[in-house]
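The letter at position 550 of the sequence shown is residue 562 when you use the working numbering, and the numbering goes up by one with no holes.
No residue lacks a Cβ here, since even glycine has one placed at the ideal position from N, Cα and C.
First comes the structure, then the notes that go with it.
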Amino acid sequence: MSDFVKISRDDDIALVTIDNRPVNALSFHVRGPLMQALVSLRDDASVAAIIIACAGRTFIAGADITEFGKPVQQPDLRALIVTLESITKPTVAAIHGTALGGGLELALGCHFRVADAGAKLGLPEVKLGLLPGAGGTVRLPRLVGAVKALKMIVSGTPIGATEAHAAGLVDAVFEGDLATHAVNFAREIARKGGPFTPVRDRNAGETNLGAFDAEAADLARKARGLEAPLACAQAVRNAVTLTFDEALAAERALFVKLVASDQSRAQRHLFFAEREAAKIPAKGIVKRRIGRVGVIGAGTMGGGIAMAFANGGYPVTLLETSQEVLDRGLGTIEKNYAVSVSRGSLSEDAKRQRLAQFKGSTDYADLADCDLIVEAVFEDMAVKKEVFGKLDAIAKAGAILATNTSYLDINEIAASISRPQDMLGLHFFSPANVMKLLEIVRADKTAPDALATVVDMARRIGKVAVVVGVCHGFVGNRMLAARGSESEALLLEGATPGQIDKAFTDFGWPMGPFQMGDLAGLDIGWRNRKARGLTAAIADTLCEQGRFGQKTGRGFYLYEAGARAGVPDPEVETLIREKAAEKGIKPREIGAEEIIERTLYPLVNEGAKILEEKIAARASDIDVVWVNGYGFPIGKGGPMFWAGLEGAARIIDRLDHWHRQTGKEVFKPAPLLKRMAEIGSWETDATG
Ligand code: 3H9
13 MSDFVKISRD DDIALVTIDN RPVNALSFHV RGPLMQALVS LRDDASVAAI IIACAGRTFI
73 AGADITEFGK PVQQPDLRAL IVTLESITKP TVAAIHGTAL GGGLELALGC HFRVADAGAK
133 LGLPEVKLGL LPGAGGTVRL PRLVGAVKAL KMIVSGTPIG ATEAHAAGLV DAVFEGDLAT
193 HAVNFAREIA RKGGPFTPVR DRNAGETNLG AFDAEAADLA RKARGLEAPL ACAQAVRNAV
253 TLTFDEALAA ERALFVKLVA SDQSRAQRHL FFAEREAAKI PAKGIVKRRI GRVGVIGAGT
313 MGGGIAMAFA NGGYPVTLLE TSQEVLDRGL GTIEKNYAVS VSRGSLSEDA KRQRLAQFKG
373 STDYADLADC DLIVEAVFED MAVKKEVFGK LDAIAKAGAI LATNTSYLDI NEIAASISRP
433 QDMLGLHFFS PANVMKLLEI VRADKTAPDA LATVVDMARR IGKVAVVVGV CHGFVGNRML
493 AARGSESEAL LLEGATPGQI DKAFTDFGWP MGPFQMGDLA GLDIGWRNRK ARGLTAAIAD
553 TLCEQGRFGQ KTGRGFYLYE AGARAGVPDP EVETLIREKA AEKGIKPREI GAEEIIERTL
613 YPLVNEGAKI LEEKIAARAS DIDVVWVNGY GFPIGKGGPM FWAGLEGAAR IIDRLDHWHR
673 QTGKEVFKPA PLLKRMAEIG SWETDATG
């Protein structure tokens, strides 16, 4: 009947199959024929039951996100579900892959849901700055109870078929051919006869509103300025306190407001940006095969990288200089997995499997069978060159050789070996087994097939990959330096660490730069500055006093034994005033607006320079780096998206002002920023 919706029959059971690959989103061209199919089957007396299923790798993954922000074309999803729910003969959703968002909402319009054992079900709209807008917040609590629905909707995390079955969301779980099982299931319930109660008329039992509100308050605290989680919680509460129709209308009103909000626009931008970032020209390229991975260095970074590979299913050879250091590294890995087991995020069996992936060695020759070798040794050019010299001698032909350097010139390392085409950067973020971001650094001579291979590999190990070019600090750390360059100056001019950190957390960052420095260890920046002949009057003095941050109990803040949150330290404030006096600076009041202008505007400006230099292919790639690697607030979409919200003209105006005031290069507006102000977009996006 349509390319996207087909009806087949098994005697009196009708099977409606949606085929809108890759993820069967409920686009307009699906909704129209689906509506027609439902109406015709509803009115067809020869049909005893209707099954809705999907072709391809998954059930419906939701509404079509690309349609948001455009006029809604009828029939809309809600009308479709009303029609579905009005059918009195039994309706069954047959779910495989993922039933997400509007997909699960459509399934909730059926009387029954059956699922493949590997299926996942969820309402992830919150991750797009939305709430389920087609009845999900009102129907789900009627099946699984309000508290369970609240957790699922506010977290957006899908649950597996077994859990969904236990919660009452799914009526049967099957292994094997789902269509056949669904037909048998439908035939059996049709034989038993109705009436069949629609989900809207069901009741999952009394809700303890006190417990609900306590749970909601806890979730609200974690929302950190995002509107969607709060709207989700409100909508689920409405499902309990209002009638079905009232709650549905309230859900709609919240959805309409959110879908037009900057936060949701920002989060939708990030959804597509992450997928776009992984795209590189790959026509005609045959990727290399990665079987075994070698990791050199079993310290914090190397150990984390090795775990990331093992978690993705790769066997890993972990190399260290001595057996003792190797044993320590392997011991830490084992402990990390044990912590995951004790937290319930990993089964004992999975832990055993992952540990079985590791082979320790102290001999470079053992890396000869590796297809990808990543070094995570000391950040020093001579040391790195020595390591790659050894790899050049022993690695098999075609093996990809990667450095985890954060700053060093990868072209220079590549030039020192005989196979620069096999060399690239894999810049992991610490802890490497947890942090999502992976900067893949393309050196001048990196072969396209080597690059395409590691982009694929990144997906397999669950990383969000962004391909970047070679420059000092690549995309992330180079921009971080631009952001941080004014922190000390602001202190000297009169701001306190607490004020600056608060301006950051009010903006939506998980923490401010001084809290971050204290957490990471101030000695790291100190060492880096010394290596580059740079100084920072306040941070250097703190380090000279042995104040390295949380690990020493004192840094920019004071930490009670074991405490993670610091308190202001009068000694630090005195030190700041002394340093200011030495430089003849008279302290003044500094507001949050100035703090943002002098830290985040240079961040955007540096991003523009990075785009100009083609270190990043697209502005959205930079956003992906900052959201996934540095905690830029997702509700603001990353620095380059936020620049659009803030207004490039305003940013230029203020940068000009600070450039005149200070003469500092970080404030000199980049030509591309000026162009952005004129045309309203980072036009290099198209070149990606
Ligand atoms: C919603 O439902 C609102 C309703 O409550 C109310 C309405 C009134 N739309 O991720 P992948 C594209 S909100 C359009 O690489 P995977 C994606 O961009 C929605 N396009 O595959 C990519 O395109 P391309 C709630 C979509 O196997 C391609 O499909 N649902 C959509 O790694 C493959 O995607 C969600 O938030 C969409 N809904 O992961 C679920 N989804 O190839 C969002 C995907 O051109 N989707 N695309 O780059 C996902 O989480 C993952 O895509 C999924 C598959 C897990 C399904």
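Per DSSP, the unbroken beta strand (DSSP E) holding Ser20 starts and ends at Val17 to Asp22. In the DSSP assignment, no residue is bridged to Leu242. Under DSSP, Met435 takes part in a beta bridge, and its partners are Leu413.
Between Pro599 and Arg589, the C-beta gap is smaller than 8 Å, which places the two residues in contact. Ala129 and Ala178 have their C-alpha atoms some 13 Å from each other. In terms of Cβ geometry, Phe267 and Leu140 do not form a close pair [threshold 8 Å].
Taking every protein chain shown into account, the CB of Gly650 has 16 or more other CB atoms within 10 angstroms, so this residue is buried. Rounded to whole angstroms, the gap between the alpha carbons of Thr312 and Met447 is 13 Å. By the criterion of a C-beta distance shorter than 7 Å, Gly109 is surrounded in its chain by Arg69, Thr70, Phe71 and Ala131, once the five residues flanking it on both sides are discounted. Note on the region 54-119: whole alpha helix (DSSP H) runs with a minimum of 4 residues are 89-97, in chain order. Bounds of the alpha helix (DSSP H) holding Arg199 are Leu190 to Lys204. Considering only Asp274, Pro460 and Pro170, the residue with the shortest C-alpha distance to Gly296 is Pro460. Contact annotation: the region 285-295 does not touch the region 306-325, with fewer than three C-beta pairs closer than 8 Å. For Lys676, the distance from the CB to the nearest heavy atom of the ligand 3H9 is not below 7 Å. Taking the CA atoms as reference points, Ala405 sits about 20 Å from Ala455.
Pairing Val639 with Leu282 gives a Cβ-Cβ distance under 8 Å.
As computed with DSSP, Phe186 is found in a beta bridge with Asp128. Counted as a single uninterrupted DSSP element, the alpha helix (DSSP H) harbouring Val466 occupies residues Pro460 to Arg472. Taking C-alpha positions only, Arg539 is separated from Ala494 by approximately 18 Å.
Secondary structure at Glu601: coil, using DSSP grouped into helix, strand and coil. Arg539 carries a helical assignment under DSSP once its states are collapsed to helix, strand and coil.
Within the same chain, and ignoring the five residues on either side of Pro241 in sequence, the residues whose Cβ sits closer than 8 Å to its Cβ are Val138, Val166, Leu231, Ala232, Lys234 and Ala235. Here DSSP, grouped into helix, strand and coil, assigns Leu282 to helix. Here DSSP, grouped into helix, strand and coil, assigns Ser632 to helix.
One thing to note: Val28 has its Cβ within 8 Å of the Cβ of Ala49. In chain order, Phe16, Ser39 and Val42 place their CB closer than 7 Å to the CB of Asn32, counting only its own chain and leaving out the 5 sequence neighbours on each side. Between the C-alpha atoms of Thr553 and Asp535 there is a straight-line separation of about 11 Å.
Glu398 and Leu367 have their C-alpha atoms some 29 Å from each other. Classified as exposed, Thr586 has fewer than 16 neighbouring CB atoms from the shown chains inside 10 Å of its CB. Of the candidates Pro136, Leu152 and Thr100, Leu152 places its Cα closest to the Cα of Ala119.
Looking at Lys291, Glu117 and Ser418, the one whose alpha-carbon comes closest to that of His439 is Ser418. DSSP lists Arg21 and Ile62 as the beta-bridge partner residues of Ala26. For Lys295, there is no enclosing alpha helix (DSSP H), as DSSP marks it with neither H nor E.
A distance criterion of 7 Å places the beta-carbon of Gly145 in contact range of the ligand 3H9, judged by its closest non-hydrogen atom. Counting only residues of its own chain and dropping the five nearest sequence neighbours on each side, Ala202 has a CB closer than 6 Å to the CB of Ala60, Ala61 and Pro102. A Cβ-Cβ distance of about 6 Å is found for the pair Tyr642 and Gly488, placing them in contact under the 8 Å criterion.
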